[in-house]
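Data block below; observations after.
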Amino acid sequence: MWGGRFAEGPAAVMREINASIPFDKRLWRQDIAGSKAHVAMLGKQGIVAEADSVTIAEGLDRVAAEYEAHGVTDDLALEDIHMATESRLAELIGATAGRLHTARSRNDQVATDFRLWVRDSIDAVDAGLKALQQALVSRAEEHAESVMPGFTHLQAAQPVTLGHHLMAYYEMVRRDRSRFADARARMNECPLGAAALAGTGFPIDREATAQALAFDRPTANSLDSVSDRDFALDYLMSAAQASLHLSRLAEEIVLWASQPFGFVSLPDQWSTGSSIMPQKRNPDAAELVRGHSGRIVGCLTSLMITMKGLPLAYSKDMQDDKPPVFEAHDLLALSIAAMTGMIETLTFRTDRMRAAAEAGFSTATDLADRLVRVAGVPFREAHHITGAVVKTAEGKGCALSDLSLAELQAIDPRIDEGVQAALSVDASVAARASEGGTAPERVRQAVARAKEALGS
Ligand code: ARG
Numbered sequence: 000m001w002g003g004r005f006a007e008g009p010a011a012v013m014r015e016i017n018a019s020i021p022f023d024k025r026l027w028r029q030d031i032a033g034s035k036a037h038v039a040m041l042g043k044q045g046i047v048a049e050a051d052s053v054t055i056a057e058g059l060d061r062v063a064a065e066y067e068a069h070g071v072t073d074d075l076a077l078e079d080i081h082m083a084t085e086s087r088l089a090e091l092i093g094a095t096a097g098r099l100h101t102a103r104s105r106n107d108q109v110a111t112d113f114r115l116w117v118r119d120s121i122d123a124v125d126a127g128l129k130a131l132q133q134a135l136v137s138r139a140e141e142h143a144e145s146v147m148p149g150f151t152h153l154q155a156a157q158p159v160t161l162g163h164h165l166m167a168y169y170e171m172v173r174r175d176r177s178r179f180a181d182a183r184a185r186m187n188e189c190p191l192g193a194a195a196l197a198g199t200g201f202p203i204d205r206e207a208t209a210q211a212l213a214f215d216r217p218t219a220n221s222l223d224s225v226s227d228r229d230f231a232l233d234y235l236m237s238a239a240q241a242s243l244h245l246s247r248l249a250e251e252i253v254l255w256a257s258q259p260f261g262f263v264s265l266p267d268q269w270s271t272g273s274s275i276m277p278q279k280r281n282p283d284a285a286e287l288v289r290g291h292s293g294r295i296v297g298c299l300t301s302l303m304i305t306m307k308g309l310p311l312a313y314s315k316d317m318q319d320d321k322p323p324v325f326e327a328h329d330l331l332a333l334s335i336a337a338m339t340g341m342i343e344t345l346t347f348r349t350d351r352m353r354a355a356a357e358a359g360f361s362t363a364t365d366l367a368d369r370l371v372r373v374a375g376v377p378f379r380e381a382h383h384i385t386g387a388v389v390k391t392a393e394g395k396g397c398a399l400s401d402l403s404l405a406e407l408q409a410i411d412p413r414i415d416e417g418v419q420a421a422l423s424v425d426a427s428v429a430a431r432a433s434e435g436g437t438a439p440e441r442v443r444q445a446v447a448r449a450k451e452a453l454g455s
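Set out below in structure tokens:
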């Protein structure tokens, strides 16, 4: 395609290091779509004859049908998907194929293809994240009243409802979706027509190609158009952030499935066994979701470092933009699907959760709050008194609610008889009915809002 000024072909290793076809063949649909939009515009503008433009478009459809049926060749000699498609087009329609690349460079072509691919990926990932939200919301609704320990420092802190805990992840995923949506809105400008770097002397219509490819508008600066990979970085940043959330949820599943916690059990479908220890049920999928997030973050840093030192405009380093984006997409899509499957099917052992919430003195704050509310004790003093109560219970090896009123009043006479009821974990969560709080009524409200937002 570019051999005119060369007497010899490339060395085998040169060919290998230069070729992107083994991975960029994933862009074939976008490449065909971009070329069809381009050639239709060329025909309309009279840059190529209308009849040639039709011949080329039909030829591109034939190439696409071949790719669909047999996949794309791995022939390194064809260098990349753009060259492969053009060379197959030439085999099919002859010399007219050579008119397709008028007023275009592979630089604006690949920038366009890649944006189209990332845009499609965002749409697919968004659908996956929405399904995950639906799973979280439906389990949250089921467990609006189930009590579990809430943790800070992984120490039992205050009782919370399981529904509330699950809805925390719903919120994270909501932000993830909005981050992807922001990235999509920002990237939706069409670089086609920037040509190699400087624009073109042909009377092209960039509005027309932008519109044909469902972009909002053409990009503004030709140099920026071919050297910008912010859209891929925005995408990877969104993917990395989403994967961090998945990883935290995965970590909780791993922890909760362990024997000392015993808060969840995974069904057979989502567990693996050990080849040596017959008793094992391992949460491998959750561990791999946690592991994959590390790789996705690696994809983000990989492309950031590729881009950081590049002068304007295009440099071949930028060909390395695609593997990290493809890898992040694949890992994220799989992680979302696995997490959705686990959330839908895992069993919450609410008896164990409740027992753990009752065991950890987690209603101590409720005692302190009550001293403030009923006896007018300043909170700091109430905190101190409650500390002494916890110490007594710990010494006796019993729960706070097991202490008799006499024992409590021996610590401070202002502790009243209503305190025992207030120290139950159910009373504790019901009391936390402030906006965004853990009370079952608030969880039901959050669930209702989420269902409305999800249209379910
Ligand atoms: N395969 C190349 C890439 O992915 C296409 C652009 C080639 N441009 C060039 N000037 N050699 O970046």
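According to numbering that gives the first Met the number 0, the sequence shown is numbered sequentially starting from 0.
Each residue gets a CB set at the ideal place from its N, CA and C atoms; glycine is no exception.
Put simply, the backbone Cα of arginine 105 is about 12 Å away from that of serine 314. Burial check for arginine 431: the Cβ neighbour count within 10 Å reaches 16 or more, so the residue is buried.
Burial of arginine 176 is indicated by the presence of at least 16 other C-beta atoms within 10 angstroms of its C-beta. Within the stretch 171-254, the complete alpha helix (DSSP H) segments of 4 residues or longer fall at 205-211 and 221-226, listed in chain order. For phenylalanine 22, the enclosing alpha helix (DSSP H) starts and ends at 20-23.
Of all alpha-carbon atoms in Leu311, Ala209 and Val172, the one lying nearest the alpha-carbon of proline 190 is that of Ala209. Distance from the Cα of alanine 231 is smallest, within the candidate group Val109, Gly149, Val418 and Leu370, for Val109. The way I'd put it, the stretch 161-169 doesn't touch the stretch 194-208; fewer than three beta-carbon pairs between them come closer than 8 Å. The Cβ atoms of valine 288 and serine 334 sit closer than 8 Å to each other. Inclusion of leucine 77 and isoleucine 121 in the CB contact set at 8 Å is not warranted, their separation being larger than that value. Residue pairing from DSSP places glycine 149 in a beta bridge opposite Gln157. Looking only at Ser273, Gly394 and Asp329, the smallest Cα-Cα distance to valine 124 is reached by Asp329. Ranked by Cα distance from threonine 364, the first of Glu144, Glu416 and Ser423 is Ser423. With contacts defined by Cβ atoms closer than 8 Å, phenylalanine 113 and leucine 26 form a contacting pair. The DSSP-derived three-state label of threonine 346 is strand. Its Cα nearest to that of alanine 143, the residue Ala447 stands out among Ala447, Ala452, Ala337 and Leu453. Listed in chain order, the non-local C-beta contacts of histidine 152 below 6 Å within the same chain number zero, local neighbours out to five positions each way being set aside.
The secondary-structure analysis by DSSP pairs asparagine 281 across a beta bridge with Thr271. Taking C-beta separations shorter than 6 Å and ignoring five residues to either side along the sequence, the partners of isoleucine 55 in its chain run Val38 and Leu99, following chain order. Closest option to arginine 185, judged by alpha-carbon separation, among Asp227, Gly93 and Glu343: Asp227.
Ligand 1 has no heavy atom closer than 7 Å to the beta-carbon of tyrosine 169. Burial check for serine 221: the Cβ neighbour count within 10 Å reaches 16 or more, so the residue is buried.
Set against 7 Å, the gap from the CB of asparagine 220 to the closest heavy atom of ligand 1 is not smaller. No heavy atom of ligand 1 is found nearer than 7 Å to the CB of glutamine 258. Note on geometry: alpha-carbon atoms of serine 246 and isoleucine 252 lie some 10 Å from one another. Across the structure, alanine 452 and methionine 338 are spaced so that their CA atoms are roughly 21 Å apart. Assignment of valine 263 by DSSP, reduced to helix, strand and coil, places it in the strand class.
Contact check for glycine 58 against glutamate 49 fails: the beta carbons are separated by 8 Å or more.
Counting only unbroken stretches of 3 or more residues, no beta strand (DSSP E) element lies wholly within the stretch 64-146. Excluding its 5 nearest sequence neighbours in each direction, arginine 413 has C-beta neighbours in its own chain below 7 Å: Leu370, Ala374 and Val376, listed in chain order. By the neighbour-count criterion, in which a residue is buried when 16 or more other Cβ atoms sit within 10 angstroms of its Cβ, tryptophan 269 is buried.
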